[in-house]
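Asks:
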Amino acid sequence: MKKFAFMLLLLLLVVVLPGHGQAASAQPQSKIFLDGQELTAGQGVQVENVNNSIMVPLRMIAENLGYKVDWDQPSKTVKIEQQGKTIQLIVDQTAASVDGKTVILTTAPLLKNNTTLVPIRFIGEQFGLTVKWDNVKKVVDLITPQIPEPNTDDSGSSGNGGTVVVPPGEDASGLSMVNGISFNDNRFIIAMEGNSQPVVSKVGSPDRIVVDLPNATFSDLFGTGQQLDPDLNGKLAITDYPDVSGIRYSLYSSDPYTVRFVIDLNTPKNYSVEVSGDSSKLIVIDLNAQASGDTTTQPGNNGRKLVVLDAGHGAKDSGAVGVTGKYEKNFNLAVILKAAELLKQENKIDVVLTRSDDTFLELKERAAIANNLKADLFVSVHANSSGSSAASGTETYYQREASKALANVMHKYLVQATGLSNRGVRYGNFHVIRETKMPAVLLEVGYLSNKNDEALLFTESLQNSVAAGIAKGIKEYLGVQ
Ligand SMILES: [Zn+2]
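Heads up, the sequence shown is in my numbering, so the first residue is 28 and it goes up one at a time.
1) Rounded to a whole number of angstroms, what is the C-alpha to C-alpha distance between Asp236 and Phe245?
2) Can you tell me the Cα-Cα spacing of Asp258 and Lys375, whole angstroms?
3) Residues in the same chain with beta-carbon distance under 6 Å from Tyr276, minus the five sequence neighbours each way, listed in chain order, please.
4) If you measure from each CB to the nearest heavy atom of ligand 1 and keep those under 5 Å, what residues do you get, in chain order?
5) Output needed for Gly414: all residues of its chain with C-beta closer than 8 Å, excluding positions within five of it in sequence on either side, in chain order.
6) Using only the alpha-carbon positions, how far apart do Lys103 and Ser228 sit?
7) Can you tell me whether Tyr454 is buried or exposed, with buried defined as 16 or more other CB within 10 angstroms of its CB?
8) Please work out which residues of its chain come closer than 7 Å, Cβ to Cβ, to Pro195, disregarding the five sequence neighbours upstream and downstream, and give them in chain order.
9) Are the Cβ atoms of Thr143 and Leu66 separated by less than 8 Å?
10) Report all residues from its chain with a CB closer than 6 Å to the CB of Ser184; omit the five preceding and five following residues, and keep chain order.
11) Just list the beta strand (DSSP E) runs in the segment 353-434, keeping only unbroken ones of 3 residues or longer that don't cross its boundaries, in chain order.
12) Exposed or buried, what is Val130 when buried is set at 16 or more other beta-carbons lying within 10 Å of its beta-carbon?
13) So for Lys332, helix, strand or coil by DSSP?
14) Just curious, the beta strand (DSSP E) that Val493 is in, first and last residue?
15) Tell me Tyr106's beta-bridge partners as DSSP assigns them.
16) Whose CA, out of Val118, Asp62, Gly346, lies closest to the CA of Val166?
17) Nearest to Leu137 by CA position, among Ile150, Gly221, Val77, is which residue?
18) Under 8 Å, do Asp377 and Gln100 count as touching if we go by C-beta distance?
19) Rounded to whole angstroms, what is the Cα-Cα separation between Ser57 and Ala342?
20) Let me check understanding here. Comparing Cα to Cα, which of Asn293, Leu388, Asp403 lies closest to Val334?
21) Figure out for me which residue from Val362, Leu447, Ala394, Leu505 has the closest Cα to the Cα of Val493.
22) Quick check: what's the CA-CA separation for Lys128 versus Val459?
23) Grab the span of the beta strand (DSSP E) containing Leu169 for me, first residue to last.
24) Within 10 angstroms of the Cβ of Phe387, are there 16 or more other Cβ atoms? Answer buried if so, exposed if not.
25) Residue ranges of each alpha helix (DSSP H) run of no fewer than 4 residues wholly in the segment 454-484, ordered along the chain?
26) If I follow the unbroken alpha helix (DSSP H) through Phe154, where does it start and stop?
27) Can you tell me whether Glu14 is buried or exposed, with buried defined as 16 or more other CB within 10 angstroms of its CB?
28) Express the C-alpha separation of Thr113 and Val72 in angstroms, rounding to a whole number.
29) Using a 10 Å radius around the Cβ and a threshold of 16 neighbouring Cβ atoms, would you call Gly339 buried or exposed?
30) Whose C-alpha, out of Ile147, Leu314, Ser209, Glu90, is nearest the C-alpha of Val74?
31) Among Glu462, Tyr94, Val468, which has the Cα closest to the Cα of Gly304?
32) Give the list of continuous beta strand (DSSP E) stretches no shorter than 3 residues that lie fully inside the segment 213-282.
33) Quick one: Cα of Lys391 to Cα of Asp234, how far?
34) With a threshold of 16 other CB atoms inside 10 Å of the CB of Thr445, please say whether the residue is buried or exposed.
35) Classify Pro225 as buried or exposed, calling it buried when 16 or more other Cβ atoms lie within 10 Å of its own Cβ.
36) Less than 8 Å separating the beta-carbons of Ala218 and Leu309?
Right under this line is the structure:
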């Protein structure tokens, strides 16, 4: 009977503690407090410590903190809004954005046991909370800051212990602002606003790579993703790459302002440097570069390909209006969501959508999303309209030479998918395919001003086959089988 009772207890535990059944060796359940009040109502939550980033279920952000949370399944994108501020995070990607500015997380959001886990420190601090983690008790403490008393002492600008003094933004000072760093796949990535050009050099005994950013400092975003002591020094611990022992960073000089990163190596390494983006930049120091002192960019570092899919128009901008009044924006979105769903099943492809619902984005925002993320390719879906109701058929547009090969591949599949007349691969000076920096095409699937085309474009079966064609074309172009 004893044994039976034990089994019963086990069974009860499995039933009473949801989540434990799936992951028998899961980390201990944790508790989360806001200003001393337990948010988790006595129930543990799944909290993971990933590379010293505390990850909590997204559900908790909505239910317990009351922030507005949107989860977009096709693009694996999390949008969190509070106090007029918007954070966007993408599962498995360290590049995130705060109010449209690219930042780099130390640890990407992840999916585990069907739960999306997000970095609580980063999110909490964006909304003004102080976040503390007790690793022994497994307790997350969220603390709302006291509104500071107005300081009547006008000399009180220094000595207020622990406050990081960050110079004003680049508009005021012309300084570039370092927003975040990460180290993944043997690549050191710096996210920065401004025009500072990195000066990178190799130093021996001990081996290290020094990256100086002249006329730059840390933005206040930086301190939310990384530890930054009051003297503006810190260190990123690296445990999973044997060649690198750590990355130190500091405001090396404040006259003139210079941010310095030192990649401490266990063995001499070559590197390549790549800078992308306009005002929002990503600087990549790639340690996967081959020997022989090669400092040029190496192609395809065993990484996944990043595809940005763009559904044209949205919200107040309906795009073309069909002969029976149907909106182009709805067709574009339906096709993009279906294509994303298909590409999401590919292990070697990450998909990001410029929009996944009926929202409005400026053209330059669409291009910036792809450029900031350093996407490998960009596909925009549209439907056409003509003054002549007879105009019918399928077109694929490119604007730059670098996009021609992609346009040819995509068009082949698009024409097959629609069965409409083949109006060819064409040059078109459209903003999103001109201002993006990767191969980019704009698909005009058919003509909404044509009665037959319009009817066809709003059938489920045509949308499915166009989405499948887009996925096939992208896979063929990227060489992903
Ligand atoms: Zn359009």
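Heads up, the beta-carbon is just placed ideally off N, CA and C, and yes, glycines get one too. It should be emphasised that the depicted structure is a prediction, and the values quoted were computed from it without experimental measurement.
Replies: Looking at the coordinates:
1) At residue 236 the sequence reads Ile, which differs from the Asp that was named. For Ile236 and Phe245, the distance between alpha carbons rounds to 20 Å.
2) 42 Å
3) Gly261, Phe288
4) Gly339, Gly346, His409
5) Ser476
6) 38 Å
7) exposed
8) Caution applies to Pro195, whose pLDDT of 34 falls short of 50 and renders its modelled position unreliable; the value that the coordinates give is listed next. Result list for Pro195: empty, nothing under 7 Å.
9) no
10) Confidence is the limiting factor: at Ser184 the pLDDT is only 35, short of 50, which leaves the residue's position unreliable, though a coordinate-based value still follows. Taken in chain order, the list of residues that qualify is empty.
11) 376-380, 404-411, 421-425
12) buried
13) strand
14) Counting along the chain, Val493 falls outside any beta strand (DSSP E), though it belongs to the alpha helix (DSSP H) covering 487-505.
15) Note on residue identity: the sequence assigns Lys, not Tyr, to residue 106. Answer by DSSP bridge pairing, in chain order: Asp97, Gln115.
16) Asp62
17) Val77
18) no
19) 41 Å
20) Asp403
21) Val362
22) 19 Å
23) 166-170
24) exposed
25) 458-462, 478-484
26) That residue, Phe154, is in no alpha helix (DSSP H); it is neither H nor E in DSSP.
27) The first residue shown for the chain is 28 and the last is 508, placing residue 14 beyond what the model contains.
28) 25 Å
29) buried
30) Ile147
31) Glu462
32) 214-220, 226-230, 235-241, 243-245, 260-264, 271-281
33) 42 Å
34) buried
35) buried
36) yes
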